[in-house]
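In the working numbering, the protein residues as written are 611 to 933.
Heads up, the beta-carbon is just placed ideally off N, CA and C, and yes, glycines get one too.
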Ligand code: PMV
């Protein structure tokens, strides 16, 4: 009745911002992402007869919010329902990167809990079912289930909103060099941000362009056209953050260091060091480049004042049970 799972964070090239249904986390638009090799969560779940309530340990974390605990317990409840058991569980979970700073910690953390809990009860599922179940824990968690490059199909009902692989891990040697700029947790959660999206006067416009953008980026990925791909990625990040900044109240996830990195990336391009930035709901910046440039970019990022760490990620497999 015990299992351990490892699951990657993922970076969205086309973002999920805004939901059609808050509870079932059905998104307003499809999104496209890549699983990250070097930023992940490892989680062990053990269902035990001697436990009166669920016990959760976040290794290496001093502050644990009530909301985080509740999300894990809700995830266990969903799995308990499937396994027809009322046994309580002991959960130990650990990330190898700081959470809630614009690196998808809820994606890796909650997909790892889902897979470990299912494994502990020996429940088997296919990727579609599994990603759909993980989505209920955290929208982006569903995207950490398939390997490699992934599309989350928005769907219109609960079971039809799932993530699938669009290109395998070895399709394209691109990297996400993540510049970690703070260990502090962000002030406005992405759950709040999703709710506010529709208050931006530009949100309708954003959604109008989504389908075409998805078609264009998939074409660039199929052709491995890095310049075309990178321009779409950057444009999309700015588009999402324009929605955040013009929501009411406005959300600014960026810090001074975020802006500094954006300008540096643009400057490097003028010098023929080609890379593109993208940013999730936090100040950390993901610099997307071809593998041959990754170490050079890492070195340069570490020289930017305010950057605490830089981590090179290759495309990776999705969530897995560990033996
Ligand atoms: O899974 P959530 O609710 O934390 O959503 C975060 C969404 C973004 O990271 C900002 C974009 C994305 O698609 O990953």
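DSSP bridge partner residues for residue i (one or two, in chain order)
i, result
"residue 931", "615"
"residue 651", "617, 705"
"residue 629", "637"
"residue 985", "The question about residue 985 has no answer, for the chain in this structure spans 611 to 933."
"residue 642", "624, 761"
"residue 986", "The question about residue 986 has no answer here: the residues shown for the chain are numbered 611 through 933."
Sequence-distant residues of the same chain with beta carbon closer than 6 Å to residue i, five excluded per side
i, result
"residue 858", "809"
"residue 653", "615, 703, 722, 723, 726"
"residue 806", "857"
"residue 753", "620, 643, 760, 762, 773"
"residue 630", "636, 638"
"residue 834", "782"
Cβ-Cβ distance between residue i and residue j below 8 Å
i, j, result
"residue 724", "residue 744", "yes"
"residue 658", "residue 697", "yes"
"residue 790", "residue 918", "yes"
"residue 852", "residue 842", "no"
"residue 783", "residue 901", "yes"
"residue 760", "residue 776", "yes"
"residue 886", "residue 844", "yes"
"residue 893", "residue 860", "no"
"residue 817", "residue 639", "yes"
"residue 997", "residue 824", "Because the chain spans 611 through 933 in this model, residue 997 falls outside it and cannot be assessed."
"residue 897", "residue 867", "no"
"residue 772", "residue 800", "no"
"residue 623", "residue 827", "yes"
"residue 832", "residue 878", "no"
Distance between beta carbons of residue j and residue i, contact taken as under 8 Å
i, j, result
"residue 729", "residue 931", "5 Å"
"residue 785", "residue 899", "6 Å"
"residue 716", "residue 755", "Not really, about 14 Å apart at Cβ, beyond 8 Å."
"residue 617", "residue 718", "5 Å"
"residue 779", "residue 926", "6 Å"
"residue 836", "residue 884", "7 Å"
"residue 871", "residue 895", "4 Å"
"residue 792", "residue 621", "So it is not a contact: roughly 18 Å between Cβ atoms."
Range covered by the beta strand (DSSP E) that runs through residue i
i, result
"residue 736", "Note, residue 736: premise wrong, no beta strand (DSSP E); not H, not E."
"residue 869", "Note, residue 869: premise wrong, no beta strand (DSSP E); alpha helix (DSSP H) at 866-880."
"residue 936", "Any property of residue 936 remains undetermined from this structure, which presents the chain solely from 611 to 933."
"residue 774", "772-777"
"residue 791", "Unbroken run through residue 791: none, as it is neither H nor E."
"residue 665", "665-668"
"residue 887", "885-888"
Span of the alpha helix (DSSP H) around residue i
i, result
"residue 836", "836-855"
"residue 687", "676-693"
"residue 861", "Here residue 861 belongs to no alpha helix (DSSP H), and DSSP marks it neither H nor E."
"residue 905", "904-913"
"residue 830", "820-832"
"residue 800", "800-806"
Cut-off 7 Å between Cβ atoms - residues of its own chain near residue i, not counting five sequence neighbours on either side
i, result
"residue 912", "920"
"residue 656", "611, 612, 699, 700, 730"
"residue 850", "625, 627"
"residue 682", "666, 701, 723"
"residue 705", "651, 715, 718, 719"
"residue 670", "704"
"residue 769", "742"
Sequence-distant residues of its chain with Cβ nearer than 8 Å to residue i (five each side left out)
i, result
"residue 733", "689, 692, 693"
"residue 647", "618, 923, 924, 925, 926"
"residue 765", "636, 771, 772"
"residue 814", "none"
"residue 663", "698"
"residue 679", "666"
"residue 661", "697, 698, 699, 700"
Residue i: CB within 7 Å of a non-hydrogen atom of ligand 2
i, result
"residue 877", "For ligand 2, the structure offers nothing, since it holds only ligand 1."
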